[in-house]
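Under my numbering, the first residue of the sequence shown carries the number 470, and numbering increases by one thereafter.
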Amino acid sequence: MHDYDKSSKWLIQHHGAAILRLAGVEGIVEWRPLQAEVVMPRYLPDGLIAATLAGEPAPRLFVLELATYPEPRVADQAVRDAAFVYLDRGVVPEVFVVVLSPKGRFRVPREVEVPSAGGTTALHVRWHVVELWTIPADDLLAVPEVGAVPWALLGRVDGPPEPFFRRCRERIDREAAPEERESLLAVSQVLARLRYDDEELFRLLGGERTMLELPFLDTLKEKWMKEAAEEAAREATRKATHDNQVRNIVDVLTARFGSRASTLRPKLDAIGDEGRLNDLVKVAAVCESLKDFRAHLREAAGEGKAR
């Protein structure tokens, strides 16, 4: 499962009302997630919420189907969601399909009619579709629930995104419960990566390391561990190459001019540029004296020019 999907489901369980509000549902008095109570696990909707609205005596059932991209299968899943909740509870739910990011020209349809083989019976199901990238990000951020912030990052931003990212961070810092603050920042980053590819923006939300706190982000953890191992291997190779170059230079100079050459090792160690050390290996083989080599060494170290 994509980390986007896992992040979305975390938001449903912890901030489901925010999704209903950004989809246009008003007057929510209370709500609770019911996903675990549905008895047909193969076709579980992404989220099933019971929400009581102002002026209504009983809660309504809301199905939330979250799609990373608009794909044909989303409509099929919406039909299944409605049908299975009806079979399980005897109530037709309100179905909301939230699409996170555009892809190609396909748009999720708003309704489907499924006929029987003989044409005597048909199921006609319609639902509400929310395409986040078409909604002004400011409108999403204005939803009165801090759980709307991650979704706002997928809205339409007019102008540079950095000021908007800062506003999102400020709102999470100001309104999130202490025990959820880090999770909201991490989930916000995961979703924002669908739209943006700028580590400077992600650092405004805590950076990659903040996401390590979320247990479901195993893919990212594996990626970072692999990157860290690769970087450690590269650094070890660089150090081994550097040490070998310095040793070769000192050995050549010692063979030609005696043990005094070893006093040059600290300055050679301080040169990190592999190309400059390669040049000094050649100089060590042809220089006229240690004094001559020191002049080239000063140039390589940026202290002056050889004469």
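Heads up, the beta-carbon is just placed ideally off N, CA and C, and yes, glycines get one too.
Note that this is a predicted model, so its numbers are computed, not measured.
Assigned secondary structure, residue i (DSSP; H/G/I helix, E/B strand, else coil)
i, result
"G628", "coil"
"V508", "Per-residue confidence for V508 stands at a pLDDT of 45, beneath the threshold of 50, marking its modelled position as unreliable; the derived number appears in the next sentence. Of the three classes helix, strand and coil, the one that applies to V508 here is coil, per DSSP."
"I481", "helix"
"F565", "strand"
"P571", "coil"
"E700", "helix"
"G588", "coil"
"V615", "helix"
"V846", "Examination of residue 846 is not possible in this model, given that the chain is present from 470 through 776 alone."
"L749", "helix"
"A739", "coil"
"A770", "coil"
"A536", "strand"
"V560", "coil"
"W596", "coil"
Inter-residue Cα distance where the pair is residue i and residue j
i, j, result
"A486", "V560", "20 Å"
"F531", "R707", "58 Å"
"S585", "R595", "18 Å"
"R725", "R745", "21 Å"
"T590", "V583", "9 Å"
"V567", "R625", "15 Å"
"A770", "D738", "10 Å"
"P578", "A544", "7 Å"
"R716", "L673", "45 Å"
"L670", "P630", "8 Å"
"A617", "L491", "7 Å"
"I604", "D742", "51 Å"
"V498", "A527", "11 Å"
"L654", "A645", "10 Å"
"E699", "A705", "10 Å"
"C756", "L733", "15 Å"
"T537", "R636", "24 Å"
"A702", "H484", "42 Å"
"L522", "R501", "12 Å"
"G493", "A621", "14 Å"
Proximity test, Cβ basis, 8 Å: residue i and chain C
i, result
"A536", "The chain inventory of the structure shown lacks chain C, comprising one protein chain alone."
Anticipated Cβ contact below 8 Å, residue i with residue j, distance rounded
i, j, result
"I518", "L503", "7 Å"
"L660", "L569", "7 Å"
"L759", "R729", "6 Å"
"K478", "G516", "7 Å"
"L623", "R664", "6 Å"
"E563", "R529", "6 Å"
"R615", "R640", "Here residue 615 is Val; the residue named in the question, Arg, does not match the sequence. That belief holds up - the Cβ atoms of V615 and R640 are roughly 6 Å apart, short of 8 Å."
Legend entry - Contiguous alpha helix (DSSP H) assignments of at least 4 residues, all confined to the region 633 to 685: 650 to 661, 668 to 672 and 677 to 680
Legend entry - Meets three-Cβ-pair contact criterion under 8 Å: the region 605 to 617 and the region 544 to 561: no
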